[in-house]
Structure formats: C-alpha cells, structure tokens
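Add 1 to a position in the sequence shown, counting from 1, and you land on the number used in the numbering used here. For every residue, glycine included, the Cβ atom is placed at its ideal position computed from N, Cα and C.
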Amino acid sequence: MFKFYKKHIDFVTENAVNPDQRRYAVKEEAPRHFIDLDNYADSLRKKLPTYSWKEVTEKISEDTLNRHGIVPWHINFMKFQLTEAFRKRDVRRILMLSADIGHYIADANVPLHTTRNYNGQLTNQVGIHGFWESRLPELFSDNYDFFVGQAEYIKTPQKRAWQAVLGANAALDSVLVFERELTAQFSEDKKFGFDERNGITTKNYSKDFSERYHAMLKNQVERQMRASIKMVGDFWLTCWIDAGQPDLAALLNYQPTKAEKEADEEEKKSWLRRVFDVRKEGDN
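Pasting the structure below:
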C-alpha cells in the first residue's frame with residue numbers, strides 16, 4: 002500500500018480539494034463536510050453515534066439531517082465505496098475515493114466543523130474558521146511532526162468517525178474562548194495586519210496575534226492534523242483489507258488517459274458553472 006500511494010501521491014493531492022470545489026455546485030455536497038452537534042438536544046446527541054444512516058433517517062428527516070450536517074455517516078458511506086473500488090481493482094476510482102474520504106476525515110477533525118457557530122458568526126468572532134484552519138497551519142506547520150506511525154485496522158468505521166467528530170467538538174471551547182480572551186488584549190490594528198500575495202494586498206491576522214493564540218492552544222492544530230493523518234491511513238488500510246487485500250503492484254503504473262484528463266477538466270469546469278446557495282465555511 003505504501004508503494005501504491007507513494008506512486009500516486011500527486012494525483013491524490015491534486016484531487017483532495019475536489020469536495021470543496023463541488024460544495025458550491027452540487028447541492029448534496031455541503032452537508033458532507035460538517036455536523037452541527039449543538040443543534041441536537043443532549044439526549045439525542047448521545048444516541049446519534051449509535052445509529053446507522055438507515056436508523057437515523059427513520060427517526061429524523063433527511064432534510065433536517067442535511068441541514069445540520071452528516072459528515073460521520075458520510076465517512077462510513079465512503080468507506081464502503083472505497084472498499085468496493087479496491088475489490089474491483091478500479092485504480093482510478095480507488096484514487097479518487099481515497100482523496101475524497103481523506104478530505105471528509107480531515108473536516109471531521111476540525112472543531113469548527115462540529116458547530117452551527119462554524120465561523121464565529123454567533124459570537125462576534127467572524128473569520129475564526131479560516132484563522133484556525135488556514136492561517137495557523139500556514140505560519141506554524143513547518144514545525145509540526147506528521148509522522149504518526151503505521152496504519153491500523155478499524156473494526157467499527159462509523160464508531161471511529163464519530164470519535165473524531167466528538168473529539169474535535171471537545172476542543173471547540175478552547176478555539177472560541179482563547180480567541181475572545183486574546184482579542185480583549187489587542188487593539189484592532191495589532192490584531193490584524195496586511196499580507197501581499199501575487200500582487201494583491203489582503204487583511205489577515207497579525208503574526209503576533211497568531212503566535213499568541215497558537216501558544217494558548219498548546220499544539221491543538223498539530224494534534225488535530227496528526228489525528229487526521231492517522232485516521233486517513235487507518236481507513237485506507239481497512240478498506241484494502243476488507244476488499245480481500247488485492248495485489249496493488251499491478252496498479253502502480255496507472256496514468257490517466259487523455260480522455261480521462263479532459264473529462265476531469267470538464268467536470269471541474271461544470272462545478273464552477275453550477276453554483277448553489279450553500280453554507281460557507283469561512284470568510285476567506
């Protein structure tokens with residue numbers, strides 16, 4: 002598996018952003034990236050991880066579920082799809098689904114993907130989503146340790162998806178409270194600065210504010226990124242094992258055909274042409 006994914010790492014990397022590109026074009030896509038746990042009563046929230054998709058739709062309407070997000074169930078659905086792709090030795094589909102499931106797993110490990118206050122819009126902290134998810138990694142991830150050990154087989158994939166969501170949600174208070182406490186110590190001109198990228202000047206969180214906030218979080222962003230990496234590897238391995246451990250050596254030399262590349266480009270262009278009104282993650 003290591004050789005297989007190492008050989009195709011550029012393909013997986015390039016296509017890992019596809020779910021985000023689809024979310025503004027495919028109406029069903031957006032709910033797959035988050036779940037608003039705070040929209041459910043405590044008693045129901047404790048039961049949700051025990052329900053399969055079929056069971057939960059018998060208790061809650063699909064409209065309600067989609068409105069509040071379905072990421073843990075969708076990860077489990079993607080697990081079955083990737084397993085089937087391995088079973089059929091469909092290398093192109095293996096790679097596309099590997100990229101997709103990796104994206105959803107990473108989203109499930111982001112605290113702000115587990116709340117209706119996803120961008121601080123309910124607490125006067127607008128912009129915190131991009132701050133936590135983009136600005137901090139851009140500034141500090143060069144010093145993160147991304148070696149997380151070998152992948153392990155997952156006996157209960159849906160339970161594992163819920164563990165990620167609940168773990169991320171447990172970190173949510175720190176994300177919001179520390180930013181609010183630190184904001185009280187900074188004037189507006191010290192909290193924000195201006196960066197120039199590709200000749201365009203944009204407003205962003207200042208280096209000083211970012212460093213202080215990052216220190217207050219005590220490596221939280223790194224921990225969640227490491228958790229995502231480990232979980233992605235675990236799910237890829239689990240899908241391969243459940244598919245009967247097919248020999249991947251014969252799939253190492255796969256290269257997209259000209260027709261496949263043209264079809265991909267056309268599909269991605271179509272996403273830009275079909276924009277729906279869906280919830281945005283942040284303001285960046």
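Neighbour-count burial assignment, residue i, 16 or more Cβ in a 10 Å radius
i           : result
residue 254 : exposed
residue 159 : buried
residue 132 : buried
residue 84  : buried
residue 45  : exposed
residue 206 : buried
residue 150 : exposed
residue 223 : buried
residue 42  : exposed
residue 171 : exposed
residue 134 : buried
CB contact check: residue i to chain B, cutoff 9 Å
i           : result
residue 158 : As a matter of chain content, chain B is missing from the structure shown, which is built from one protein chain.
Contact belief for residue i with residue j at Cβ below 8 Å, rounded distance in angstroms
i           : j           : result
residue 102 : residue 236 : 6 Å
residue 210 : residue 183 : 7 Å
residue 79  : residue 238 : With a Cβ gap of about 15 Å, residue 79 and residue 238 do not count as contacting.
residue 193 : residue 204 : 6 Å
Within 9 Å, strictly: CB atoms of residue i and residue j
i           : j           : result
residue 217 : residue 188 : no
residue 147 : residue 230 : yes
residue 113 : residue 215 : no
residue 87  : residue 234 : no
residue 109 : residue 162 : yes
residue 124 : residue 181 : yes
residue 93  : residue 257 : yes
residue 128 : residue 177 : no
residue 75  : residue 40  : no
residue 98  : residue 82  : yes
residue 77  : residue 29  : no
Whole-angstrom distance between residue j and residue i, CA atom to CA atom
i           : j           : result
residue 71  : residue 61  : 12 Å
residue 38  : residue 100 : 25 Å
residue 220 : residue 212 : 11 Å
residue 49  : residue 154 : 23 Å
residue 53  : residue 186 : 46 Å
residue 5   : residue 57  : 36 Å
residue 270 : residue 26  : 10 Å
residue 191 : residue 199 : 24 Å
residue 179 : residue 111 : 16 Å
residue 138 : residue 197 : 18 Å
residue 157 : residue 232 : 13 Å
residue 59  : residue 201 : 50 Å
residue 7   : residue 130 : 31 Å
residue 240 : residue 195 : 45 Å
residue 268 : residue 21  : 14 Å
residue 136 : residue 142 : 10 Å
residue 55  : residue 9   : 35 Å
residue 73  : residue 65  : 15 Å
residue 126 : residue 107 : 23 Å
residue 90  : residue 119 : 38 Å
residue 63  : residue 266 : 32 Å
Are at least three pairs of beta-carbons, each pair with one atom in the segment 242 to 256 and one in the segment 160 to 179, less than 8 Å apart?
no
Does the segment 31 to 40 come close enough to the segment 259 to 269 that 3 or more CB-CB pairs lie under 8 Å?
no
Across the segment 218 to 228 and the segment 137 to 157, are there enough close Cβ pairs to call them in contact, namely three or more that are closer than 8 Å?
yes
Below 8 Å, how does it come out for the segment 14 to 25 and the segment 101 to 120: are there three or more Cβ pairs, yes or no?
yes
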